[in-house]
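Asks: Residue numbers (the numbering used here): 12 to 252.
All C-beta atoms in this analysis are idealised placements derived from N, C-alpha and C, irrespective of residue type, glycine included.
Note that the coordinates shown come from a computational prediction; the quantities given were computed from them, not determined experimentally.
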Amino acid sequence: MQDSLFNLSALIALVPAMVVGFRREGRRDGAFWLVLAVALAGPLAWVVAQTGGEWRTGFSTTLWVTVTASLFVFIVTCVVTSQAWRLLPLVGPYLFMVGILATIWHQAPDGEAVTSVAATAWVHLHILVSVATYALVSVAAIAALGAFVQERALKLKRPSALSRRLPPVADCESLVVRLLAFGEAVLALGMISGMAMQYADTATLLVFDHKTVLAVAAFVVIGGLLIAHFRTGVRGRVAAR
């Protein structure tokens, strides 16, 4: 019962950010930063309390870690760029829906804690870069959705209440490219750390299991999208989105 209430409180912490994202006059003010801090604190507290310093493979835990990491990436992006904050009307509802899914799955049996070999620094680094990649690509996908919404509103010559709150198409595209580039770099680091961990454990550099195939496929796809964006003009930018 206590765990369910804790899980629900993490979900409720996301609500203010979702509401503030749809203010009539959106701005990056004190209220904006306050609701983001609350939104981050709720899921982060849940993750820390549930994992207890050990990585668990349960679906609900993974989703809450993704929410926490995505929020952190979004906050950092808002700090270092001038227009990313305007993506809050998309970021808030997306993370809230992921939080709902995590809450529903909370009653399912959790995965086993990663111990044994996993207690090494290599495994912790591998997990960290994997989560960072998910977060970067998630925020990049939200920026791509923002560009799509803006472009559609321009083509129809009918700006909506949502499109008026989002960044311009050019800013969304710039965010997509930069976040994908960071994601590609972090994923490369994760693959290297994974190979190092595999070699330390089995003296084999690479084992083609499903995790390896998915990681390599993601690396190739993201790299291909970045190449398409820079080499093939407008069509490449559309493909990247």
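1. Can you tell me whether GLY7 is helix, strand or coil according to DSSP?
2. Determine the direct distance from the alpha carbon of ALA155 to that of THR88, and round the result to whole angstroms.
3. Give the secondary structure of CYS170 by DSSP, where H, G and I count as helix, E and B as strand, and everything else as coil.
4. Taking all protein chains shown into account, decide if VAL182 is buried (16 or more other Cβ within 10 angstroms of its Cβ) or exposed.
5. Have a look at VAL49, PHE193, LYS166 and LEU186 and flag the residue whose alpha-carbon is nearest the alpha-carbon of VAL142.
6. Between ALA164 and the rest of its own chain, which residues show a CB-CB distance below 7 Å, the 5 nearest in sequence each way excluded?
7. Let's test the definition: count the other Cβ atoms within 10 Å of the Cβ of ARG176 and tell me whether it reaches 16, buried, or not, exposed.
8. Considering only the alpha carbon of each residue, which of MET208, VAL30, VAL232 and LEU216 lies closest to PRO100?
9. Determine, using beta carbons only, whether ALA264 and ALA146 come nearer to each other than 8 Å.
10. With distances taken Cα to Cα, identify the nearest neighbour of ALA151 among GLY53, LEU82 and ALA24.
11. Using C-beta distances below 6 Å, list every residue in its chain close to ALA113, excluding the 5 sequence neighbours before and after it, in chain order.
12. Given a threshold of 16 other Cβ atoms within 10 Å of its Cβ, counted over all protein chains shown, does SER260 qualify as buried or as exposed?
13. Is the beta carbon of VAL59 closer than 8 Å to that of VAL78?
14. Within its chain, find whatever has a CB closer than 6 Å to the CB of PRO54; leave out the 5 residues flanking it on each side and keep chain order.
15. Exposed or buried, PRO225, counting other C-beta atoms within 10 Å across all chains shown (16 or more means buried)?
16. Please classify VAL231 as buried or exposed, where buried requires at least 16 neighbouring CB atoms within 10 angstroms.
17. Should PHE241 go down as buried or exposed, given a rule of 16 or more other Cβ atoms within 10 Å for buried?
18. May I ask you to report which of helix, strand or coil DSSP gives LEU136?
19. Please report how far the alpha carbon of GLY37 lies from the alpha carbon of LEU136, in whole angstroms.
Replies: Straight from the coordinates:
1. The question about residue 7 has no answer, for the chain in this structure spans 12 to 252.
2. Taking the straight line from one Cα to the other gives about 15 Å.
3. Here residue 170 is Pro; the residue named in the question, Cys, does not match the sequence. DSSP places PRO170 in coil when its eight states are reduced to three.
4. Looking at the sequence itself, residue 182 is Asp, so the reference to Val does not match. Classification for ASP182: buried.
5. Per the Cα distances, PHE193.
6. So the list reads PRO170, SER171 and SER174, once near-sequence residues are dropped.
7. Here ARG176 is buried: its Cβ has 16 or more other Cβ atoms, across all protein chains shown, within 10 Å.
8. VAL30
9. Only positions 12 to 252 of the chain appear in the structure, and residue 264 is not among them; the question remains open.
10. LEU82
11. SER71, LEU74 and TRP75
12. Residue 260 lies beyond the range of the chain shown here (12 to 252); nothing can be said about it.
13. no
14. ALA21, TRP75, VAL78 and THR79
15. The residue you asked about is not Pro; residue 225 is Leu in the sequence shown. Label assigned to LEU225: exposed.
16. Counting Cβ neighbours within 10 Å, VAL231 comes out exposed, since fewer than 16 surround it.
17. Exposed is the call here.
18. helix
19. 38 Å
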